[in-house]
Structures are given as structure tokens and as C-alpha cells.
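Peer 1: Just dropping this structure here.
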Amino acid sequence: MKKNIIYLVLIIIIGVIAFVPGVKEYLRDQFFPIATIENAVHISEADYDIELKGINVPDTNLKNLKDKPVFLNFWGTWCPPCRKEWPSIQKLYDSRKGNVNFVLIAMNDKEEAVRKFLKENNYNVPVYIAQSPISENILPKVFPTTFLIDQHGRIIIKEDAYRDWNTETVHQFIDNIIK
1 MKKNIIYLVL
11 IIIIGVIAFV
21 PGVKEYLRDQ
31 FFPIATIENA
41 VHISEADYDI
51 ELKGINVPDT
61 NLKNLKDKPV
71 FLNFWGTWCP
81 PCRKEWPSIQ
91 KLYDSRKGNV
101 NFVLIAMNDK
111 EEAVRKFLKE
121 NNYNVPVYIA
131 QSPISENILP
141 KVFPTTFLID
151 QHGRIIIKED
161 AYRDWNTETV
171 HQFIDNIIK
């Protein structure tokens, strides 16, 4: 009798997944987030137009770096969660810098403070200070804010908080977008 109830419950669950509109897509997005790439939000050409003063790299414009996926992080030396995630960003950079353009934009910071922070911690991830307005579409409301943007301008990941960036999940996202 218990076996029959279990089979009946399984059949009902499969039926709901197969025939109720939206359930299959919801479950796919929850358990297989890489599938959501096709529905990702795009940033425009204008959003990329940010003049960047290089702190430990040459000056550039963000639009010059969109030939590869972009790891775009907004942070500040004054922000404890930003400082906390730096070691994982450095490790991700060390392993993926050939496939991804890293752009870390120091916000509300003095250049000297940023240089001192990088030197004291032996960080070499490319850091910039924005020299032109940042589009409202990507301007952070909290810090840190990080975007992983593919080479087509799709936002694959947006994180508005501290995160360990050197995880298998992040590496898998990057592997999938650099194919």
C-alpha cells in the first residue's frame, strides 16, 4: 500500500512539472542557473562608455575591454565587505585573467589610499577610478557590487554583497561563457 502511495505522489509531481505552465522553467532556473543566460539582462553600448584612470594598469575606457567577458567590481578601501572579498578576487584573477577582463573600480576613494591598499596586500588585479559618469544601469547602490558580463553584453551574474569569487560555480559560469 505504501509503495502505491509513493508511486502516485511521484506521478503527480511529474505531471505538475510536465503540464503546469511555468513550473518546468522555474525549476530549471533554480537548479540550473546557467540556463538563465539566454534570458539575461543586457547592458548597452552607452553603459560601457566609462573613462577609467588606471591605478596599477594603463588608463582605458571600459568599452575597450568588452572583447572578452568582463568581471566588473565596484568597491572601496573604506568598505569592510569589499576588503573581505579581495583575496578570492585575486585568486580568480590569477586563474582566469587570460580569458576574462577584470575591471575593479574604486568608488569614493583617493588614489593614494587605493595604491597603498594594493601594495600592502600584494594585489595585482586591474584597478581603476572612473573619470566619467557611470550609467544608472550599472551604478551600484551598495558595495561591493559585481557584474560578470559576457562578450555580448549580457549580465550573467550580478552580486550586491560580499561573495567568495574563487568557487567552482563561478569557474563554471566563466567556462560556459568563454566557449
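Heads up: the sequence shown at position 15 corresponds to 15 in UniProt numbering, and the numbers run straight through without jumps.
Where is the CB? At the ideal position from N, CA and C, for every residue including glycine.
N101 bridges to which residues according to DSSP?
Peer 2: V70
Peer 1: How would you call T145, buried or exposed, if buried means at least 16 neighbouring beta carbons within 10 angstroms?
Peer 2: buried
Peer 1: Since I believe N61 is in contact with V127 (beta carbons under 8 Å), could you give me their beta-carbon distance rounded to a whole number of angstroms?
Peer 2: The pair is not a contact, with the Cβ atoms about 16 Å apart (cut-off 8 Å).
Peer 1: By alpha-carbon positions, which one of L10, V142, H152 ends up nearest to M107?
Peer 2: V142
Peer 1: Given H152, which residues of its chain have a CB within under 8 Å of its CB, disregarding the five upstream and five downstream residues?
Peer 2: Scanning its chain for C-beta atoms nearer than 8 Å, with the 5 sequence neighbours on each side dropped, one finds around H152 the residues H42, in chain order.
Peer 1: Is there a C-beta anywhere in chain B that falls below 8 Å from the one on P80?
Peer 2: Of the protein chains in the structure, only one exists, and it is not chain B.
Peer 1: Is the beta carbon of S132 sitting closer than 8 Å to the one on D47?
Peer 2: no
Peer 1: N61 by DSSP, collapsed to three states: which one?
Peer 2: Of the three classes helix, strand and coil, the one that applies to N61 here is strand, per DSSP.
Peer 1: Within 10 angstroms of the Cβ of L118, are there 16 or more other Cβ atoms? Answer buried if so, exposed if not.
Peer 2: With 16 or more other CB atoms across the displayed protein chains lying within 10 angstroms of its CB, L118 is buried.
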